[in-house]
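Chemist: Position one of the sequence shown corresponds to residue 2 (our numbering), numbered consecutively onward.
The C-beta atom is built at its ideal place from N, Cα and C for all residues, glycine as well.
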Amino acid sequence: MAECPGIYTLSEMKDGLLARLRVPGGRLSGKDLQMIATASNKYGNGTLDLTNRANLQIRAIKQASAQQFIDQLIKAQLITTDPVHDRLRNITLDPLTGVVDEIYDCSDLVNELDHALSNLSCRAQLSPKFSIVLDGGGPSHISQLPHDFAFIAKQTSEGAITFNVSINNQSTVLNVSPQQLVGKLMGWIEKLCAFYKTENMRIKSLARDHDLKTILQVMEDKPFEQDILYTPKSTLTALKGLCDQIQQNKVAINLSHPTGRLFHFQLIGLAELAQDFGQDEIRLTPWQSVIMPHIDQDHIADIWEKGEALGFLTQEAEQNLTILSCTGSQGCIHGGFETKMKALKIRDAFIDMGFPKPVTIHLSACEKGCATRAKTPYLVMQRRDEDEMRLYINEAPSTKAAGKPVPEEQLIPELKKLI
Ligand code: SF4
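1) So Tyr379 is in the beta strand (DSSP E); what residue range does that whole segment cover?
2) Would you say the beta carbon of Ile333 is closer than 8 Å to some non-hydrogen atom of ligand 1?
3) Quick check: what's the CA-CA separation for Gly332 versus Asn46?
4) Can you tell me whether Cys371 sits near ligand 1, meaning its C-beta is under 8 Å from at least one heavy atom of the ligand?
5) Rounded to the nearest angstrom, what separates Glu387 and Pro359 at their Cα positions?
6) Rounding to the nearest angstrom, what Cα-Cα distance links Thr260 and Thr361 in this structure?
7) Is Glu226 near Leu29, with beta carbons less than 9 Å apart?
8) Taking only the alpha-carbon atoms, compute the straight-line gap between Leu263 and Gly27 and give it to the nearest angstrom.
9) Over what stretch of residues does the beta strand (DSSP E) that includes Glu13 continue unbroken?
10) Between which two residues does the beta strand (DSSP E) holding Ser162 run?
11) What whole-angstrom Cβ distance do Val183 and Ala125 have, given they're in contact under 8 Å?
12) Regarding Asn330 and ligand 1, is the C-beta to nearest heavy atom distance less than 8 Å?
13) For Glu409, count the other beta carbons within 10 Å of its own beta carbon; 16 or more makes it buried, fewer makes it exposed. Which is it?
14) Would Leu322 pass as a contact of His258 if the rule is Cβ separation under 9 Å?
15) For Ser365, is the beta carbon positioned less than 8 Å from some heavy atom of ligand 1?
16) DSSP beta-bridge partners for Asp245?
17) Where does Glu387 fall in DSSP's three states?
18) Name the DSSP bridge partner or partners of Ile153?
19) Over the uninterrupted beta strand (DSSP E) stretch that includes Lys423, give me the two end residues.
20) Would the segment 172-191 and the segment 115-123 be scored as touching if the rule is three or more Cβ pairs under 8 Å?
21) Quick check on this structure: which residue in Thr52, Asn53, Ile8 has the alpha carbon closest to the alpha carbon of Ala40?
22) Leaving aside the five residues before and after Ala161 along the sequence, list all residues of the same chain whose C-beta is less than 8 Å from its C-beta, in chain order.
23) Can you confirm whether Lys198, when its beta carbon is compared against all beta carbons of chain C, has any partner nearer than 9 Å?
24) Which residue marks the beginning of the alpha helix (DSSP H) containing Val111, and which one marks its end?
25) When you compare only the Cα positions, how much space is there between Met2 and Gly139?
26) Report the option in Cys5, Arg385, Ile190, Ile229 whose CA atom is closest to the CA atom of Phe338.
27) Flag this pair as yes or no: are the beta carbons of Ser129 and Asn91 separated by less than 9 Å?
28) Let's test the definition: count the other Cβ atoms within 10 Å of the Cβ of Phe266 and tell me whether it reaches 16, buried, or not, exposed.
29) Ignore the nearest five residues each way along the sequence and tell me which others in Thr10's own chain have a CB closer than 8 Å to its CB.
30) Buried or exposed for Leu419, going by 16 or more other Cβ atoms inside 10 Å?
31) Tell me whether Pro294 sits in a helix, a strand or coil according to DSSP, three-state version.
32) On the criterion of 16 or more Cβ atoms from any shown chain inside 10 Å, does Ala372 qualify as buried, or is it exposed?
33) Buried or exposed: which applies to Ile394, given that a residue is buried once 16 or more other Cβ atoms fall within 10 Å of its Cβ?
34) Can you give me the Cβ contacts of Ile75 inside the same chain, cut-off strictly under 7 Å, excluding the 5 residues immediately before and after it?
35) Pick helix, strand or coil for Thr215, following the three-state DSSP scheme.
36) Looking only at its chain, what residues have a beta carbon closer than 6 Å to the beta carbon of Leu175, apart from the 5 residues adjacent to it on each side?
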């Protein structure tokens, strides 16, 4: 099986080598963005994809300059010098943490966790997909993302803060305090690695052969009568448009791009916006957009205007149109159709229609669903062995439904008709 792409393990794609820059917590400064943009243009083809794990994928790195690319990122302190640690930095934070009403601001836990992972003795045994989510109890319900471990902040009736421990997307009977969280997690991982001795360990693969009670018993050295506390009902809630911050007179603005693919100059433009109007901070989101926090109420119009000039959706489009698209056949060998130009055409068609109602459209060039595995109201999919696109209503890419065949030139008229 090909290793999940990272910075030290580049994946071969149709358009060249692909690097995934893991950004623990998803936060970058303007200077970071400028460094990434410059490196992508110098060592790749200058395009980058926003991912559904709040990371950046840098496309078309040239084999001959791969080492220089790595050196540049190390110099900018964007990656660690330990390739084993670098592949484990899958720490996701609610992109709205610290600026909205929530139970606990988990920002400081990200660095603590990242540092602890770098010292974990069994780190080479973990899968590069091993992921940890920190959910402070804010409105995004970030713990609904697929995870190995998630920690969800709760307040007890006595007012104390505790984190419920979710394993493989199941909320368990375990709880930890904020002070215990990192130490406890490292201890659990060490015990699981020592007991199961599996390579590329993920809870998801352990859970195929072992029930959760047994896994908890290994972690805590004691038997459990009950394992699951409850099955979470909430869904990941993406910010659309803007939200008022708890800090007076400030707002956080979500900027989406219709293709989820950015050119290096767009990243530089974002960096300048964050420096001129915010507090030099950009947050990557798992809904493939960026959030610019700490914007003065007086500068909201500037952000929308300059964002639009950079190719991001307008405020009206942002609130009414969500387009999710995978890499598509231009960059991925598994793809059955080109997705990015179609995303732009769909955006233009909806601008012409004046956005009759809010709509979400997913363009997936195979059943893997790299942009999202969830159901969406409209899914357009064409697998590599199919000779035309199919339109599905309320389906996920893994669907077994037949879908409605739609000739390419009919896609936009068909979507218009339905919407
Ligand atoms: S969904 Fe399929 S075609 Fe699209 S990027 Fe993923 S593997 Fe490639």
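Modeler: So, to answer that:
1) 377-382
2) The sequence shown places Cys at residue 333, not Ile. Yes, the Cβ of Cys333 comes within 8 Å of a heavy atom of ligand 1.
3) Answer to the nearest angstrom: the Cα atoms are 12 Å apart.
4) yes
5) 30 Å
6) 13 Å
7) no
8) Rounded to the nearest angstrom, the two C-alpha atoms are 16 Å apart.
9) Counting along the chain, Glu13 sits inside the beta strand (DSSP E) bounded by residues 12-14.
10) Note on residue identity: the sequence assigns Ile, not Ser, to residue 162. Element bounds for Ile162: 162-168.
11) Not really, about 20 Å apart at Cβ, beyond 8 Å.
12) According to the sequence shown, residue 330 is Ser rather than Asn. Ser330: yes, Cβ under 8 Å from ligand 1.
13) Exposed.
14) Contact check for Leu322 against His258 fails: the beta carbons are separated by 9 Å or more.
15) Ser365: yes, Cβ under 8 Å from ligand 1.
16) Val252
17) DSSP places Glu387 in coil when its eight states are reduced to three.
18) Asp136, Asn165
19) Past the edges of the chain, shown from 2 to 420, lies residue 423, and the structure says nothing about it.
20) yes
21) Among Thr52, Asn53, Ile8, the Cα nearest to that of Ala40 is on Ile8.
22) Take Ala161, set aside five residues on each side of it, and the residues of its chain with a beta-carbon closer than 8 Å to its own are Ser178, in chain order.
23) The structure shown has no chain C; it contains just one protein chain.
24) Annotation: the continuous alpha helix (DSSP H) that includes Val111 extends over 108-120.
25) Interpretation of Met2 is limited by its pLDDT of 48, a score under 50 that renders its predicted location unreliable; the figure taken from the coordinates is listed afterwards. If I take the Cα positions, the gap works out to 37 Å.
26) Arg385
27) It is worth fixing the name first, because residue 129 is Pro in this sequence and not Ser. Taking 9 Å as the Cβ cut-off, Pro129 and Asn91 qualify as a contacting pair.
28) exposed
29) Residues Glu4, Pro84, Arg88, Pro129 of the same chain have their beta carbon placed closer than 8 Å to that of Thr10, with the five preceding and five following residues left out of the count.
30) By the neighbour-count rule (16 or more Cβ atoms within 10 Å), Leu419 is not buried but exposed.
31) strand
32) buried
33) So Ile394 ends up on the exposed side.
34) Thr82
35) helix
36) Val166
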